[in-house]
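Residue 1410 in our numbering sits at position 68 of the sequence shown, with consecutive numbering throughout.
Backbone N, C-alpha and C define an ideal beta-carbon position, used for all residues, glycine too.
A quick note: this is a predicted structure, and the numbers were derived from the prediction, not measured.
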Amino acid sequence: MSAMVLRVDFFLNDFLQGGLKNPAGAAGTRATPWKTPLRAKSPHVYHLMYNKDFWEEIMVRLTTLAAASIACACLISVAPAAPAAAEEPAATAIVSPEKLKWNPTPFPGVTVAVIAGNLTGSGMYAMMAKYAAGAKPVPHTHPDQRVVTVISGTYYSGSGTEFDESKLKPITAGTTIVIPANAPHYALAKDGETVLLEVGTAPSGTNIWPKAAAK
1343 MSAMVLRVDF
1353 FLNDFLQGGL
1363 KNPAGAAGTR
1373 ATPWKTPLRA
1383 KSPHVYHLMY
1393 NKDFWEEIMV
1403 RLTTLAAASI
1413 ACACLISVAP
1423 AAPAAAEEPA
1433 ATAIVSPEKL
1443 KWNPTPFPGV
1453 TVAVIAGNLT
1463 GSGMYAMMAK
1473 YAAGAKPVPH
1483 THPDQRVVTV
1493 ISGTYYSGSG
1503 TEFDESKLKP
1513 ITAGTTIVIP
1523 ANAPHYALAK
1533 DGETVLLEVG
1543 TAPSGTNIWP
1553 KAAAK
């Protein structure tokens, strides 16, 4: 084996020897990277001969340590982030009848009051519809499905593009009807004031059937 002369600090020499089994020496002895100290220059510096087996073991240990460090870094990088703090829930809104703001509609005697949502926006909305006695909405459509529940009175409902009183069906309080999107329909508050709760998905609106509008 060719010899190689190195100058090594005594602290490094002691650190590298610690805990390693001597691959070339007797059992129970500690490994040293150099076979025989040639001549002490000072208390901490030695001229030593290179030991190939020792450095091969050192490289194996360093490679294993580097692989373990990379694996730990990967685990840390993919660890799930802590969940964000929960948002404060919106406060419950209570809408009493006296707080409702009634607005006119294209039909005489029919007013509406929005409870939640925005008919010209997006998402679900809910509104009350009040029919004065004798109110008679002509055939019309809505771009969204309407879920209509009768709150009070009797709601006479009909389907089609022509108003035909003989085809009206009485819908009593507590009953719900579902009107498909763009389905022509008409109504009549025949027996007196009628109040409805209507729920749909915005954007919404009312389109009077062309022939009904011409009359």
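By the Cβ neighbour-count rule, Val1541 is buried, with 16 or more other Cβ atoms within 10 Å of its own. Burial state of Ile1521 is buried, judged by a 10 Å Cβ sphere holding 16 or more other Cβ atoms. Look at Thr1503 here: in three-state DSSP terms it is coil, with no helix or strand label.
Partner residues in the beta bridge of Leu1530, as assigned by DSSP, are Tyr1498.
Nearest to Thr1483 by C-alpha distance, out of Ala1455, Ser1501, Thr1514 and Gly1534, is Ser1501. In this structure, DSSP gives Glu1440 a helical state, which the three-state scheme calls helix. By alpha-carbon distance to Gly1495, the top candidate from Ala1468, Thr1405, Thr1447 and Ala1477 is Ala1477.
In the structure shown, Pro1446 adopts extended strand secondary structure according to DSSP, grouped into three states. Per the DSSP secondary-structure output, Val1489 pairs in a beta bridge with Val1520 and Val1541.
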